[in-house]
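Student:
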Amino acid sequence: MTTAEKHEFPMARTCPFAPPPAYEEIREGEPVSRVRLPDGGWAWVVSRHEDVRTVLNDRRFSADRQHPDFPALVKGEAASRRPDEERMLIAMDAPEHGPARKAVLGEFTVRRLEALRPRIQEIVDGQIDALLGGPRPGDLVDSLSLPVPSLVICEMLGVPYADHEFFQEHTVKVIKQSTPPEERWAAMVAIQGYMADLIAEKEKNPPDDLLGRQIVKLRADGTYRRTALAGMGLLLLVAGHETTANMISLSTVAFLRNPEQLAMIKADPGKTLNAVEEMLRYFTIIDVATARLCVEDMEVGGQLIRAGEGVLTLGYSANRDPRAFENPDELDIERGARHHVAFGFGPHQCLGQNLARMELQIVFDTLFGRVPTLEPAMDVDELPFKDDANIYGLYQLPVTW
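Start counting at 1 in the sequence shown, then tack on 1128, and there's your number in our numbering.
Here it is as structure tokens:
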């Protein structure tokens, strides 16, 4: 048995600020090797930065999550797949993927997002007002981390924020590792059904929001399908709030544990964007979500991977690879390294990455500027980290000031 084959994936973190210990063992010993999956099958694991980028940028590795041979990270997942269901953007391959991504890419240009900056600032200020006006200690997750990206993505899409409890409840089921596959599928269907009903109303008189503009654009192109747009809406709604929310909470803890790093952005807000990049690299909250299926024999890192074999790209391992990052286990906001793979890489790289960067930048500058005495109200060892979720983060973050 090889070093990696004795391990079952996905692996839980044993420390909130580091990858599972086995990642280094695999990366430095057998960087492309076989690991066991929960359903008893196996897949190749790719652990080095260069090799991860190679896999994610090569069409010989498919993102089709509905293919029966796609690696299953949850027991029973493969049996619950529905190959005939319409694929969402993250599960499309070329040539279908390119036009579908291009259709919505214009919504996330730097120019369009910069126009949202004043409104995002207003939302952040309002949530910090609520935090400061509430009890002490307060929960940063409930007061700031979750509401800010939720409000932003709801306003972008044209989704009523009043319904946030509904989609948050179902999002938890989607991302929790222990959720049975059928229950996870039902949660996704519920959110997609909600989106489809909302879109049906928007079709009557498309408003000037992301979903409304997509209706107009896709109708003009002759490619409009309500189910496809509902799938896109589901993806943007879930990814658009859950990921940034967890990054806000985790980064806040990291800043408070590293006051010398926090002092740098307080003294010079021009360093905040680099701090955002470093936090993204340091935590890599979505680790093995970028699984792939090899569809044509290819050699990666000296290892031949054959068509029909599954591949797990370990983003967290790649982002701690000393070949790509000097002293990778240190938190260094002056590192200035944007070549991390926290947003993935290649054609499926995260659509909303610039929005996430902006939200994080505004939150850090505003929170630590307005609440300079912020501190955790609970020992880090006692915080409820999301060890059971596919998107790492915190369920609660009690703070005081």
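We put the beta carbon where it would ideally sit given N, CA and C, even for glycine.
Could you check what DSSP says for K1109 in three-state terms: helix, strand or coil?
Tutor: Residue 1109 lies beyond the residue range present for the chain, which begins at 1129 and ends at 1529; the question has no answer from this structure.
Student: Within 10 Å of its beta-carbon, does L1522 have 16 or more other beta-carbons around it, so buried, or fewer, so exposed?
Tutor: In the sequence shown, the residue the question calls residue 1522 occupies position 394. Buried, since its Cβ has 16 or more Cβ neighbours within 10 Å.
Student: Pair every Cβ in the region 1429-1446 with every Cβ in the region 1137-1152, then say whether three or more of these pairs are closer than 8 Å.
Tutor: Short answer: they touch.
Student: Assuming M1506 and L1363 are in contact, meaning their beta carbons sit under 8 Å apart, how far apart are those beta carbons, in whole angstroms?
Tutor: Counting from one through the sequence shown, the residue named residue 1506 turns up at place 378. Counting from one through the sequence shown, the residue named residue 1363 turns up at place 235. The Cβ separation is near 34 Å, so there is no contact.
Student: For a test of the three-state rule: what should DSSP assign to E1214, helix, strand or coil?
Tutor: One-based indexing of the sequence shown puts residue 1214 at position 86. Correct three-state label for E1214: coil.
Student: What are the boundary residues of the alpha helix (DSSP H) that D1313 is part of?
Tutor: By one-based count along the sequence shown, residue 1313 stands at place 185. Checking the sequence, you will find Trp at residue 1313 rather than Asp. P1309 to K1332 is the span of the alpha helix (DSSP H), which, as asked, contains W1313.
Student: Nearest-angstrom Cα distance between R1164 and G1474?
Tutor: Within the sequence shown, the letter at position 36 stands for residue 1164. Within the sequence shown, the letter at position 346 stands for residue 1474. Each residue's Cα considered, the two are about 26 Å apart.
Student: Could you pull the DSSP bridge partners for E1153 from this structure?
Tutor: Taking the sequence shown and counting its residues from 1, the one referred to as residue 1153 is at position 25. None; E1153 has no bridge partner.
Student: Look at V1173 and V1428 and say whether their C-beta atoms are less than 8 Å apart.
Tutor: Here residue 1173 refers to the residue found at position 45 of the sequence shown. Here residue 1428 refers to the residue found at position 300 of the sequence shown. No, the pair does not count as a contact, with Cβ atoms beyond the cut-off.
Student: Within a Cβ cutoff of 8 Å, which residues of the same chain sit near D1349, ignoring the five residues on either side of it in sequence?
Tutor: Residue mapping note: residue 1349 aligns to position 221 of the sequence shown, counting from 1. The answer, listed in chain order, is A1231.
Student: Decide if the region 1235-1250 is in contact with the region 1260-1274; the criterion is three or more beta carbon pairs, one per stretch, under 8 Å apart.
Tutor: Because the criterion of three Cβ pairs below 8 Å is not met, the region 1235-1250 and the region 1260-1274 do not touch.
Student: By how many angstroms is the C-alpha of M1323 removed from the C-alpha of V1491?
Tutor: Translated into the one-based positions of the sequence shown, residue 1491 becomes position 363. Translated into the one-based positions of the sequence shown, residue 1323 becomes position 195. Roughly 28 Å between the two C-alpha positions.
Student: Would you report the Cα separation of M1486 and V1252, rounded to the nearest angstrom?
Tutor: Residue numbering aside, residue 1486 sits at position 358 when the sequence shown is read from its first letter. Residue numbering aside, residue 1252 sits at position 124 when the sequence shown is read from its first letter. M1486 and V1252: Cα-Cα distance of roughly 12 Å.
Student: Cβ atoms of A1318 and E1214: under 8 Å apart, would you say?
Tutor: Here residue 1214 is taken as the residue at index 86 of the sequence shown, counted from 1. Here residue 1318 is taken as the residue at index 190 of the sequence shown, counted from 1. No. Outside cutoff.
Student: Under the three-state reduction of DSSP, which class applies to A1517: helix, strand or coil?
Tutor: For the purposes of this step, residue 1517 is identified with residue 389 of the sequence shown, where counting begins at 1. The answer is strand: DSSP assigns A1517 an E or B state.
Student: I1519 to I1303, Cα distance in whole Å?
Tutor: As a first step, residue 1519 is located in the sequence shown; it is residue number 391 there, counting from the start. As a first step, residue 1303 is located in the sequence shown; it is residue number 175 there, counting from the start. For I1519 and I1303, the distance between alpha carbons rounds to 7 Å.
Student: Between G1261 and P1500, what straight-line distance do the alpha-carbon atoms span, to the nearest angstrom?
Tutor: To locate residue 1261, count along the sequence shown from 1; it is residue 133. To locate residue 1500, count along the sequence shown from 1; it is residue 372. In a straight line, the C-alpha of G1261 is about 16 Å away from that of P1500.
Student: Closest to M1316 by CA distance: which of T1299, D1179 and D1325 is it?
Tutor: For the purposes of this step, residue 1316 is identified with residue 188 of the sequence shown, where counting begins at 1. Of the listed residues, the one whose Cα sits closest to M1316 is T1299.
Student: Excluding sequence positions up to five away, which residues of its chain have a Cβ less than 7 Å from the Cβ of N1185?
Tutor: For the purposes of this step, residue 1185 is taken as residue 57 along the sequence shown, with counting starting at 1. Cβ neighbours of N1185 beyond the five flanking positions: F1473 and G1474.
Student: Could you tell me the alpha carbon to alpha carbon distance between S1379 and M1407, rounded to whole angstroms?
Tutor: Counting from one through the sequence shown, the residue named residue 1379 turns up at place 251. Counting from one through the sequence shown, the residue named residue 1407 turns up at place 279. C-alpha separation (whole angstroms): 6 Å.
Student: Considering only the beta carbon of each residue, do Q1489 and V1404 sit closer than 8 Å?
Tutor: In the sequence shown, the residue the question calls residue 1489 occupies position 361. In the sequence shown, the residue the question calls residue 1404 occupies position 276. In this structure, V1404 lies closer than 8 Å to Q1489 by Cβ.
Student: Given a cut-off of 8 Å, decide if L1421 and D1192 are closer than it, judged by their beta-carbon atoms.
Tutor: Counting from 1 along the sequence shown, the entry for residue 1192 is found at position 64. Counting from 1 along the sequence shown, the entry for residue 1421 is found at position 293. Cβ atoms of D1192 and L1421: closer than 8 Å.
Student: Quick one: does R1341 have its CB under 8 Å from some CB of chain C?
Tutor: Of the chains in the structure shown, none is chain C; there is only one protein chain.
Student: Going by other Cβ atoms of all chains shown within 10 Å of its Cβ, with 16 needed for buried, is N1455 buried or exposed?
Tutor: Translated into the one-based positions of the sequence shown, residue 1455 becomes position 327. It counts as exposed.
Student: Could you check whether P1265 and P1512 sit closer than 8 Å to each other, using their CB atoms as the reference points?
Tutor: For the purposes of this step, residue 1512 is taken as the residue at position 384 of the sequence shown. For the purposes of this step, residue 1265 is taken as the residue at position 137 of the sequence shown. No, these two residues do not count as a Cβ contact at 8 Å.
Student: Are there 16 or more other CB atoms within 10 angstroms of the CB of E1370, so buried, or fewer, so exposed?
Tutor: Against the sequence shown, residue 1370 aligns to sequence position 242. Buried, because 16 or more other Cβ atoms sit within 10 Å of the Cβ of E1370.
Student: Considering only C-alpha positions, which residue in the set V1508, C1478 and A1200 is nearest to P1309?
Tutor: On the sequence shown, position 181 is the one that residue 1309 refers to. Minimum Cα distance to P1309 is reached at A1200.
Student: State buried or exposed for D1415, treating a residue as buried only when at least 16 other CB atoms are found within 10 Å of its CB.
Tutor: Counting from 1 along the sequence shown, the entry for residue 1415 is found at position 287. Result: buried.
Student: List the DSSP bridge partners of Q1431.
Tutor: One-based indexing of the sequence shown puts residue 1431 at position 303. DSSP, once it has assigned bridges, lists V1428 as partnering Q1431.
Student: V1508: buried (16+ other C-beta within 10 angstroms of its C-beta) or exposed?
Tutor: Residue numbering aside, residue 1508 sits at position 380 when the sequence shown is read from its first letter. It is exposed - the Cβ of V1508 has fewer than 16 other Cβ atoms within 10 Å.
Student: What span of residues does the alpha helix (DSSP H) with P1119 cover, start to end?
Tutor: Because the chain spans 1129 through 1529 in this model, residue 1119 falls outside it and cannot be assessed.
Student: Determine the direct distance from the alpha carbon of V1160 to that of Y1151, and round the result to whole angstroms.
Tutor: Within the sequence shown, numbered from 1, the residue matching residue 1151 stands at position 23. Within the sequence shown, numbered from 1, the residue matching residue 1160 stands at position 32. The straight-line gap from Cα to Cα measures roughly 11 Å.
Student: In the DSSP assignment, what are the bridge partners of E1136?
Tutor: If you number the sequence shown from 1, residue 1136 lands on position 8. E1136 pairs with R1164.
Student: Among the residues of its own chain, which have a CB less than 6 Å from the CB of P1450, if the five just before and after it don't count?
Tutor: If you number the sequence shown from 1, residue 1450 lands on position 322. These residues qualify, in order along the chain: P1456.
Student: Is the Cβ-Cβ distance between A1074 and I1327 less than 8 Å?
Tutor: Since the first residue of the chain shown is 1129 and the last is 1529, residue 1074 is not available in this structure.
Student: Which whole-angstrom value is the C-beta distance of R1188 and M1426, which I expect to be below 8 Å?
Tutor: Taking the sequence shown and counting its residues from 1, the one referred to as residue 1188 is at position 60. Taking the sequence shown and counting its residues from 1, the one referred to as residue 1426 is at position 298. Correct: roughly 5 Å between the Cβ atoms.
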